[in-house]
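These notes are about the structure you will find just below.
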Amino acid sequence: MNTLALAVLLTTTFTGQGIPKIKHAPVGQDTKQAVVTQAEARSVLLRAEKIFVTVLEISPNSKVTIPDSSAPVTRGQVINDFNRLFDLGKPKFKFTPNPVVYDAKRLTIKDPKQLASLKKLISYGCIARIGPVAAGSSDSLTVQAFGDSVGFFMARIAQLTHMPSTKWTPGLKGD
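Sequential numbering from 880 applies to the sequence shown in my numbering.
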């Protein structure tokens, strides 16, 4: 599938066309400071998985691990599912990017398994090295922080899995 089709699919998926409504924060509550629930995060990550399956023409080998709960989603849960999606898409990567340099002292995840996944995702440029998922002070994520993290992740996966046309990218031409 070409890059244009990926862009159209991402746009229609994340702009809400043809997607069931998600419960919004109560009126009067600042949505930028509202915490994302596990059910909301699960819904978004299921959509992301559907995009992976459709665009990359692959079949999922695992399920979203975040439960359907009203409890706040944790950064560790997001890292686990981003890592799962990364591993799902990795066979379709068109190139290996130069590793992103980061300061490991800034990472605030304590679990060794999640920390290893986080370091891998940061080195591939799939998670911001000083963003809220990697270096946040709170274990939960706000709507804005979660949305930015998902967008950042999906944009990088799109870059890794699609090679631009050599017609419009002189650096890829052989001459």
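We put the beta carbon where it would ideally sit given N, CA and C, even for glycine.
Given the structure is predicted, the values throughout are model-derived calculations rather than measurements.
Integer-rounded CB distance, given that Leu997 should sit under 8 Å from Ile1006: 7 Å
Candidates Thr1021, Gln1038, Leu924 and Val979: closest to Ala913 by CA position: Thr1021
Burial state of Thr1040 (16 or more Cβ within 10 Å): By the neighbour-count rule (16 or more Cβ atoms within 10 Å), Thr1040 is buried.
Test item: CB-CB of Gly1015 and Arg954 under 7 Å: yes
Contact check, Phe961 vs Leu1000, beta carbons under 7 Å: yes
DSSP-derived helix/strand/coil call for Val1012: helix
Inter-stretch contact at 8 Å, needing at least 3 Cβ pairs: the stretch 926-941 / the stretch 964-972: Counting Cβ pairs under 8 Å, three or more are found: they touch.
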